[in-house]
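Presented below is the structure to which this report refers.
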Amino acid sequence: GVEPQTETVWRQASRYEVPRIVFVNKMDKTGANFQRSVDSIHSRLGVKSVPIQLPIGAENDFVGIIDLVEMKAYFFDGGENENYETKEIPAEYLEEAKKAHNYMLDEIVTFDEAVMEKYLDGQEISKAEIKSCIRKGVVSSTLFPVLCGTAFKNKGVKPLLDAVVDYLPSPIDVPPAKGYK
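In the UniProt record's numbering, the protein residues as written are 1 to 181.
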């Protein structure tokens with residue numbers, strides 16, 4: 001869940017309007033529970049956090065992640081490097097992934113009127129449109145995508161870095177920092 005130091009850093013980031021993404025770390029540790037962590041983000045930080053990934057397994061059985069944007073599964077090979085194999089989402093996770101994907105769409109389409117109209121008309125939303133909506137929400141500091149992994153074992157780090165590139169603003173997208181006395 002959300003730790004006290006996270007709350008302190010979060011308050012400072014909010015004060016200075018710093019866009020954020022969330023990484024639920026240590027998914028391989030005893031007691032790891034992704035949904036409980038997401039619920040803790042909602043309750044303790046009071047923000048709209050939307051999972052864009054789901055874990056495949058937890059604790060010692062954490063073997064990969066489901067990318068809800070791409071609707072693909074990434075299975076880690078267990079080595080020290082982040083080597084993974086992209087596969088279809090396993091049947092036992094498919095219903096949960098579809099539900100989470102639809103929840104994600106419900107939350108993100110509000111950031112682009114044209115995409116919202118397509119969504120409400122029942123048209124398919126492209127991956128590029130999904131990423132654009134997520135980015136708009138992140139840049140406006142009103143949407144906080146949630147990813148997962150275990151940094152120490154390098155599982156989920158590459159998708160996290162991809163999310164930094166895809167969703168966080170580049171330095172040219174934000175105004176210069178203001179100094180404070």
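Note that the Cβ used here is the ideal one computed from N, Cα and C, for glycine as well. Treat the numbers as computed from the prediction; the structure is a model and nothing was measured.
Going by DSSP, residue 67 is part of no alpha helix (DSSP H) but of the beta strand (DSSP E) stretching over 64–67. For residue 103, the enclosing alpha helix (DSSP H) starts and ends at 91–108.
Taking C-beta separations shorter than 8 Å and ignoring five residues to either side along the sequence, the partners of residue 56 in its chain run 62, 63, 64, 65, 66, 73, 75, 90 and 93, following chain order. In this structure residue 147 does not touch residue 137 by the C-beta definition: roughly 15 Å separates them, more than the 8 Å allowed. The C-beta distance from residue 132 to residue 112 rounds to 6 Å, short enough to meet the 8 Å contact threshold.
Residue 54 and residue 69 have their C-alpha atoms some 11 Å from each other. Residue 54 sits in a strand when the DSSP states are folded into three classes.
A contact is defined here as three or more CB-CB pairs under 8 Å, and the stretch 36–55 meets this definition with respect to the stretch 12–24. Around the C-beta of residue 84, 16 or more other C-beta atoms lie within 10 Å, and the residue is accordingly described as buried.
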